[in-house]
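Letter 117 of the sequence shown, counting from 1, is numbered 117 in my numbering, and no numbers are missing.
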Amino acid sequence: MSAEISPKDRFITVYGRNPVHEVLRDGDLHVDKIVIAEGAHGAGIREIRQAARRRGIEVQQASAERVKKLAGNGRQDQGVFADVVAPRMLPLDVALDQQTMRTVLVLDGITTPANVGMILRSATAAGIDGIVVPRRGVASLDPLVVKASAGVAFRAPIVKAFTAAEAVAALKANGFHVVGLDASGDDDLFSAHLPEPVAFVLGSESEGLGPEVAALVDTWVSIPMAAGVESLNVSAAAAVVCFELVRRARL
1 MSAEISPKDR FITVYGRNPV HEVLRDGDLH VDKIVIAEGA HGAGIREIRQ
51 AARRRGIEVQ QASAERVKKL AGNGRQDQGV FADVVAPRML PLDVALDQQT
101 MRTVLVLDGI TTPANVGMIL RSATAAGIDG IVVPRRGVAS LDPLVVKASA
151 GVAFRAPIVK AFTAAEAVAA LKANGFHVVG LDASGDDDLF SAHLPEPVAF
201 VLGSESEGLG PEVAALVDTW VSIPMAAGVE SLNVSAAAAV VCFELVRRAR
251 L
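Shown next as structure tokens:
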């Protein structure tokens with residue numbers, strides 16, 4: 001199966017001297033390779049080379065421009081990046097073929113790395129089967145997301161897709177019941193009928209779900225609020241959803 005999965009769907013790329021050094025110090029993480037820009041030097045680079053040598057990890061050199069392109073962040077790569085294996089990360093088609101997902105979150109338009117990272121942490125802790133992080137319209141899986149997840153991002157069941165709309169359409173075609181969160185939802189989260197397999201779609205606080213995704217929602221639910229509070233931060237709402245699914249699974 002690994003032959004069917006491209007490198008971009010197997011690795012989380014970490015850039016910057018301190019983040020790369022941190023992943024090298026975590027013996028539980030499998031680092032595929034380190035790439036250092038030609039001419040990059042200094043104590044941080046020396047420490048990275050030494051740590052990589054101790055762990056037997058390949059260190060490659062490339063032009064500074066190549067490093068910027070591969071790292072995906074030309075302003076903050078600091079001349080180095082690492083490809084870290086994310087063993088549970090899969091492209092959506094492969095994840096669907098495996099037919100093991102019963103509970104899924106789909107992120108749509110969530111561009112704040114801290115929110116994405118905290119959602120990955122909560123969903124993984126709750127045992128959610130898949131978290132769809134589209135390449136377009138959602139914060140990329142970068143060191144800020146990894147930091148916000150407290151490192152859980154490397155071990156999260158991340159599902160890769162191009163857009164949220166494509167992902168939701170594919171999930172629906174495979175029998176998933178699609179649920180959206182909205183303050184004026186038809187029912188509240190804790191009493192709504194939620195048949196499995198179920199996919200919850202989470203949108204940005206400012207814009208909500210995109211129109212293409214919203215058109216695919218089967219059921220709208222709300223999280224009951226008191227004291228005039230209108231909404232929760234999307235990462236807090238995601239945590240509520242995830243652990244409501246845990247509660248239901250234990251009934």
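By construction, the Cβ of each residue, glycine as well, lies at the ideal position given by its N, Cα and C atoms.
Which residues DSSP lists as bridging Phe81, in chain order: Tyr15 and Val35
Is there at least one Cβ from chain C nearer than 9 Å to Thr163's Cβ? Included in the structure is just one protein chain, with no chain C present.
Beta carbon of Leu194, beta carbon of Thr219: below 9 Å? yes
Quick check on DSSP: helix, strand or coil for Ile131? Here DSSP, grouped into helix, strand and coil, assigns Ile131 to strand.
In or out: His41 buried (at least 16 other Cβ within 10 Å) or exposed? exposed
Would you call the CB atoms of Val80 and Val20 closer than 9 Å? Contact annotation: Val80 and Val20 have beta-carbon atoms nearer than 9 Å.
Tell me the residue span of the alpha helix (DSSP H) that contains Ser222. Here Ser222 belongs to no alpha helix (DSSP H); instead the beta strand (DSSP E) covers Thr219 to Ser222.
Note down, in chain order, each residue of its chain lying with its Cβ closer than 6 Å to the Cβ of Met1, except the 5 sequence neighbours on either side. With a pLDDT of only 42 at Met1, under 50, the local geometry of the prediction cannot be trusted, and no value is derived from it.
With 16 other Cβ atoms within 10 Å as the buried cut-off, status of Lys160: buried
Note down, one range per segment and in chain order, each alpha helix (DSSP H) of at least 4 residues found wholly within the region 148-219. 164-173 and 211-214
What residues match up with Pro91 in a beta bridge as DSSP calls it? Lys160
Candidates Val179, Ala114, Gly130 and Lys68: which alpha carbon is nearest Ala150's? Ala114
Check whether the region 95-102 and the region 134-144 touch, using three or more Cβ-Cβ pairs below 8 Å as the test. no
Quick check on the DSSP output: the beta strand (DSSP E) that includes Ala249 runs from which residue to which? That residue, Ala249, is in no beta strand (DSSP E); its alpha helix (DSSP H) goes Val234 to Ala249.
Quick check: the region 164-172 against the region 10-28, are at least 3 beta-carbon pairs closer than 8 Å? Touching, no, given that fewer than three Cβ pairs across the two stretches are closer than 8 Å.
Can the beta-carbon of Val321 be found closer than 9 Å to that of Val217? Shown here, the chain extends from 1 to 251; a query on residue 321 therefore has no answer.
What's the C-alpha gap between Pro157 and Ile128? 8 Å
According to DSSP, simplified to helix, strand and coil, what is Asn112? Strictly speaking, residue 112 in this sequence is Thr, with Asn absent from that position. Here Thr112 sits in coil by DSSP.
N- and C-terminal bounds of the alpha helix (DSSP H) containing Gln50: Ala43 to Arg55
How about Leu181 and Ala125: are their beta carbons less than 9 Å apart? No, the pair does not count as a contact, with Cβ atoms beyond the cut-off.
In the DSSP assignment, the beta strand (DSSP E) including Ala86 goes from what residue to what residue? Looking at the DSSP string, Ala86 is not in any beta strand (DSSP E), and its letter there is neither H nor E.
Chain-order list of residues whose beta-carbon lies under 6 Å from that of Pro7 (same chain, five-residue window excluded): none
Please confirm whether Arg121 and Ala153 have their CB atoms less than 9 Å apart. Yes, the Cβ-Cβ distance between Arg121 and Ala153 is below 9 Å.
Going by the CB atoms, is the gap between Gly109 and Gly210 shorter than 9 Å? yes
Beta-carbon separation of Val31 and Ala52 under 9 Å? yes
Nearest to Gln78 by alpha carbon, out of Gly117, Phe190 and Ile34? Ile34
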